[in-house]
Structure formats: C-alpha cells, structure tokens
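> Here it is, the structure in full.
In structure tokens:
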C-alpha cells in the first residue's frame, strides 16, 4: 500500500511553550497511544498490532528493554511503545519515483521527523559513486555490489559492521559470525554510546555487566533508588512495576537534574484510580542533583553508612556477607574517611539534610534496588559512578537476595541480547574459542573499533566500508559534524533499515539501502513461519512472533539479508550453512546453544511459555566471576565538575515524542513543549544572571580543550526548573555540541551529560 506522506518539512516557527505536567500517563496517554495507531494503520491492523505487543504469543516491543511481567495484561504496552509500532507498521510505503524526485542533497536538508514520516522502505536502492541519487536495484544486484566491494578491500579491518540494539538474537549472532568469518572484530554498536560504562563497571566489581534483579524483585523491595533516569518517557511500563512496589510498601527516591512527571505521579490507565482518581504519588524523596554530582552523592551516602556502623558496631553493615563475598572494605572505609563534605555539597548542589535523609532511608531498608540509565553512564566518570552504586549496595548485602540489587535499564529492546550474541569489538577469548570449535575457523583476536574509534578510523581513511544493521549512526553519534564528514570519506556505506533516517542521506561514495521486515511482520521463509528471540534488561530470553502481513512482498528479513551477504562474500571459505540459516532460524539457535553460555537446549527452552532466564551468578547464588572470586568494593577519586564563570553545563535528553533518534512528533507533552524541538531549558535565575529572558533566541556554543567552535544556532531559551548552572537540550540535535574526544574514562562512551556551553544572542 502506498499513500501520500507529509510533503512539507517542519519548522519551529510555531513553537508553543506551556506549563510542564505534574503527572504521567492517564487517559491522555491512552489517547496518544490509540489515535495514531488507528488513524495511520487503520483500526484492524492497529488493534491487531497493539493487542499482540508484549504478549507471550506476540512480538516484543522495539522501543525499550523493560521486562514483561509473568501475568500479562490485555494492554501490555505504553504510549511510546504504541508510537513505535505505529511508526514501523505503517502501511505507507515509499514509491519508486521518490528516488528520482529527491537527491541526497535534498534529503540532507530534511529533518529526522520528515524522513521518518515518508513511509516504509520496500525496495533495495543504490547510489553509485559520483551520483546524487539512489536508484532501485534488484536484490541480487545489491548483494553483488556489496560483496564485490568487501572482497576487494586490502584488509577485512577496512570494514566495520555496526549494529542497532533492535536486532534479534538470531540476526545478531549471524551478523557477528559473518564479520568474524570475514576476518574482523570491527563490531561497534549502540551500547558503545549508552551503557558501555555499566558493562565495564559491573564486570569489574561483580563479574557480570547485567542487572542482578528480576522483574518480581521490584515488588519485593523496601527502597528503590532511581538515578539518572526518566521512566515516564524512556520506558513507561516501568511505572506500573514501581506502582506495584509502592502498593507493597516500598519507598522511592528519584535522583535527577530535572523533575520528571512520571516520577512525581502516575495515573495508571488500567486502574480506576488512574482514570478518575488521583493516581499514585511516586517519589517519596526527589533530589535535584547538579549535573556531574552523582559520584559525590553516592560516596557521601556510603560514608554515612560506614559512620553509622562505627557508632553502633555490628548493627549496620552486613558483615557476614562482606566477609564471605566481598573484598576491599578496609580500603573503602579509609578512602571515604577523607571525603570532603564541602566538595560534596558543591558538586551535588544539595543540602546536607537532603543527603542525610537519603542515607536514613537506605539504612532503614532491608532490601534495596538501585536503578539507573544514561544520566549516569554518559558522564566522564561513568564507570566510577556505577562502581559507587555497587559499593553502596554491597555494604548492606543488597545483591543476591529478593527485592535487592543493581538494575541498569537498557533502552533498545535487545541491546543486551546483541552483546550476549557476540556484538562487541572485544569479545573475550572464551567466546572466540567456542566460535572456532563450532565452525572450524580461527576468529580474529585483535580488538576492533568501537563507535568513537570507528568515526576516527573513517575520518583518517582507515575504514573504507561501513555497514549498519539498523540504527541511525551519524545522528546517534557525538560530534555530528565530524561523524558526518567521516562517513562521507568512506568508499561505501550500507544501511539495513525499515525507514529513512539521516544516515541514508549522509553516505559514502557508494551507498545502498536494504529494506527489511519489521518485528511486527510475519516472517515466512522456506522452512515455514519463523520467530526470533530477544533478551530483556533482566536477562530473560523470550520469543517474538510477527503478527502483521508485510507491507510489501519484496522485503527480506534481517537474517535473510545477512545470510545472503555472507554467502556471496565468503562462499565456501567457512563451513557455515548460510542458506540453512535463512530457511530455518532453529539452525542458528542450535549453533548459539553450543557457543554462548546459558543457551543450552536453546530451541527447546525458547518454546517454553515465557521463555527462560539466563544464569546470573550475583543474583542466583552470590557468586562473582571476578579474578579473586569475590565482589569488589572500590575506591574512586572524586572529581568536581567546575564550570567557568558565565558558562553552563548541558545534558542532552529525549522528548516524549521520540525513541532515540526516531522522532514521532514535535511535542514534549510532559515538559510543555509543542510544535518544535529547538529549545534550551535553563533555570530562570540563570537567565537573569546571564542577561537573557525567557523566549530569547540564542546560539549555543560548546567549549572543549580542542578550541573547535561547535554551535547550535537559533535556539529558544525556555525558563525551566533545572539546577542552577545546568541546562538541557534535545538529542540528537544537540549531539553537534558533544566533542568526539569527550568520552568516559575507560569505556569510551560520549560524554553527553556534561557539555560546557556558552550562550550568545542569535546572529
């Protein structure tokens, strides 16, 4: 089906600023869920999609990795999940004449919103070197062009294979197998830009880079500390789990630079009190922390815990747990005894009484969960902040018991599963050894490039081919200007995608777009109708069945595209039955069962109702796969983010009408922004101090040691309750302000939550 998409691009000329909201979801959330689905997909297709989302015999939502409860509800989806399905499952398709009518030069002038609203990609297209247009090609020709380029490179390391976290386990395993059989570990992925700091910190301290809680633990917890996270927009179904925890007696503490509606009050549309009543008050304490102050706060709370133990020996710490399972208590106690309280208060912007209150809540709770997201990990000291979270949990034995643990929340639906399947540029030797034993070739051992180093390699001419399995790399990446210029230096870029985005307009000399089935669509292969599987943020693996008729007959699945490319490039050089992979995904899962720990009898277990849980040493048995076999308490040097006079520190964030770089609409309902995105949120007192007024237009310049002038022009200032000295702007537009070399220590994650900026009146 082809229909007329929006013709004109959007501008911010009609932007409206109203009051922010004091609560989330409710009837407005339902209306914002159902109306687009029904109007854009039609009533039958829309309701069939929504009623199948996150059901045991349906498909997994692509908009976040929040886990599913054991007992599913009829409407097991949220507003943003409904938007994601509507966006992907739209029957609007891009017609063939689109490519002749729109040059790449033209497409580069369009917004992400406009590009995404043009409809589904339904035919392979190819841009030859020297041309400014894509043109339709057949699948065999597209595969031939890519294979010829890859086979003609001087080294496999001149190619990179990027992955979005929406790829299924089956596609991810086949993709990394293709890359490694080809001869490279260049497997950058979206984790490099979000939770890489989590993986490193937790791997070093507790031996696994994943959550140590299950879904059911939330309702068993006494205290849930939510830090650097906005569930109401980024994973709204989490609000239901938090409400259930509140009903069971839990307290909630929110630590965040901005007051977020979902952590103030939640009106659950599936409960009477959420429709006609007040709803549920969420956070019992809100700590509006200054950007960059998280490590100082966590150290201050841990110090108060240790001081309480010193005042009443044997009554505060879980000494038996610490003695048996942990190492480093003496060093941590000595380190925190030197903590400078004045620095803590300056770094956090909080009062001592607020920190005391948090410490008392922690001391009064037997079972504590700390949950966080990119507000923590996208800081220069992201690894150290996560280590401090682990310190705080370990002191009172809050790992490995019901209702307690560490809970990083992933954003992409299968970003955790992709890493488990081998999508990482530095997989450990045990995984590579297992690949070798299973397939009879020796995988490359030298580490490949991650996302940041991938940009550097393209910029410097070391990478000639960039292939993207989903995603929108040039928009998602920091330092947009540098990232785009680097991509344009490649000889070929290839995107496997469902819909248009910026990465299709900013290309290598040659470029191809390969259209693929969406997760909502029925995937029928030679071996019958197929399903895929995903791993959610609490290590649960479950199947996902597409339920809708594909929007076009010429689409291939991700597995089919990867298998055909691998067969064309590798021929018989490795003993992999690529045609068999495409025909029957059970064959992929049989190999996964032999290669990946925890996936034994994969095909049998994935067909169990609800799937299965992966083993998790800290959660299941209080075992810690560290070099000494114990959980590690660590000492981390506190650094204070000092901001020069007349400057602010900025964070990037999502609006409520988007998922990562995908823009569903131009409103941010909870923050009171309508019909536009080019805004900077700033404290009213800072406006006065800097000589500006609410509504002024400014150019936003970032300042970094390389003295490069990175700028956003013509942004509107919005008076908003940010911490003093702090500001916020929407991602991905504000990525232009994040320097490529501004990365988290140890993880190489772009520092998107601590950008020093100055404001100048718009030219």
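Numbering (this note's numbering), first residue to last: 231 to 993.
From the three backbone atoms N, C-alpha and C, an ideal C-beta is built for every residue, glycine too.
All values reported here derive from a predicted model rather than from experimental measurement.
(1) Given a cut-off of 7 Å on the beta-carbon distance, is the pair residue 629 and residue 623 in contact?
(2) Could you check the C-alpha separation between residue 984 and residue 427 for me, to the nearest Å?
(3) Report buried or exposed for residue 838, applying the criterion of at least 16 other Cβ atoms within 10 angstroms of its Cβ.
(4) May I ask you to verify whether the stretch 601 to 610 touches the stretch 557 to 577, counting CB pairs closer than 8 Å and requiring at least 3?
(5) From residue 356 to residue 401, what does the alpha carbon distance come to, in whole angstroms?
(6) Between the stretch 765 to 775 and the stretch 293 to 307, are three or more C-beta pairs nearer than 8 Å?
(7) Would the beta-carbon of residue 383 fall within 7 Å of that of residue 956?
(8) How many Å lie between residue 953 and residue 759 at the Cα?
(9) Taking only three categories from DSSP, how would you classify residue 882?
(10) Tell me whether the beta-carbon of residue 965 lies closer than 7 Å to the beta-carbon of residue 727.
(11) Please report the distance separating the alpha-carbon of residue 242 from that of residue 944.
(12) Given a cut-off of 7 Å, decide if residue 696 and residue 390 are closer than it, judged by their beta-carbon atoms.
(13) Taking contact to mean at least 3 C-beta pairs separated by less than 8 Å, is the stretch 306 to 315 in contact with the stretch 846 to 862?
(14) Suppose contacts are defined by Cβ-Cβ distances below 7 Å. Is residue 854 in contact with residue 437 by that definition?
(15) By Cβ distance below 7 Å, which residues in the same chain neighbour residue 685 in space, the five residues on each side in sequence not counted?
(16) With residue 815 and residue 762 assumed to form a contact (beta carbons below 8 Å), what rounded beta-carbon distance in angstroms separates them?
(17) Residue 732 and residue 702 - do their beta-carbons sit closer together than 7 Å?
(18) Could you give the residue range of the alpha helix (DSSP H) that holds residue 406?
(19) How would you label residue 642, buried or exposed, when you count the other beta carbons within 10 angstroms and need 16 or more for buried?
(20) Consult DSSP for residue 496 and reduce its assignment to one of helix, strand or coil.
(21) Using 8 Å as the cut-off, can you tell me whether the stretch 663 to 676 makes contact with the stretch 411 to 418, which would need three or more C-beta pairs spanning the two stretches below that distance?
(22) Can you grab the Cα-Cα spacing for the pair residue 475 / residue 590, in whole Å?
(23) In whole angstroms, what is the alpha-carbon distance linking residue 381 and residue 792?
(24) Give me the DSSP bridge partner(s) of residue 1062.
(25) In this structure, how does DSSP classify residue 945 when only helix, strand and coil are distinguished?
(26) Run through the DSSP bridge pairs and tell me what residue 357 is partnered with.
(27) Comparing C-alpha positions only, which one of 805, 876 and 883 sits nearest to residue 463?
(28) Give me the residue from 921, 885 and 910 with the minimum Cα distance to residue 967.
(29) Assuming residue 560 is part of the alpha helix (DSSP H), what are its boundary residues?
(30) Locate the beta strand (DSSP E) running through residue 516, then write down its first and last residues.
(31) So who's on the other strand from residue 969, going by DSSP bridges?
(32) Work out the CA separation of residue 570 and residue 403 for me, nearest whole Å.
(33) Under a three-way DSSP split, which group does residue 988 fall into?
(34) State yes or no: is the C-beta of residue 526 within less than 7 Å of the C-beta of residue 484?
(35) I'd like to know whether the C-beta atoms of residue 927 and residue 901 end up nearer to each other than 7 Å.
(36) Kindly list the residues whose CB is nearer than 6 Å to the CB of residue 518, restricted to its own chain and excluding five residues on each side of it in sequence; keep chain order.
If we stick to the structure as given:
(1) yes
(2) If you draw a straight line from the Cα of residue 984 to the Cα of residue 427, it is about 15 Å long.
(3) exposed
(4) no
(5) Whole-angstrom Cα-Cα distance: 23 Å.
(6) yes
(7) No. Outside cutoff.
(8) 53 Å
(9) strand
(10) Against a cut-off of 7 Å, the Cβ pair of residue 727 and residue 965 comes out as no contact.
(11) 10 Å
(12) yes
(13) Too few Cβ pairs lie closer than 8 Å, so no.
(14) yes
(15) 707, 712, 713, 716 and 970
(16) 7 Å
(17) yes
(18) 399 to 412
(19) That one is buried.
(20) strand
(21) yes
(22) 19 Å
(23) In this structure, the straight-line span from the alpha carbon of residue 381 to that of residue 792 is close to 16 Å.
(24) Any answer about residue 1062 is impossible in this case: the structure gives the chain only from 231 up to 993.
(25) Looking at residue 945 - three-state DSSP - the assignment turns out to be strand.
(26) 741
(27) Here the closest residue by C-alpha is 883.
(28) The residue with the shortest Cα to Cα distance from residue 967 is 910.
(29) 559 to 566
(30) 515 to 517
(31) Beta-bridge pairing links residue 969 to no other residue.
(32) 48 Å
(33) strand
(34) Going by beta carbons, residue 526 and residue 484 fall outside the 7 Å limit.
(35) no
(36) 953
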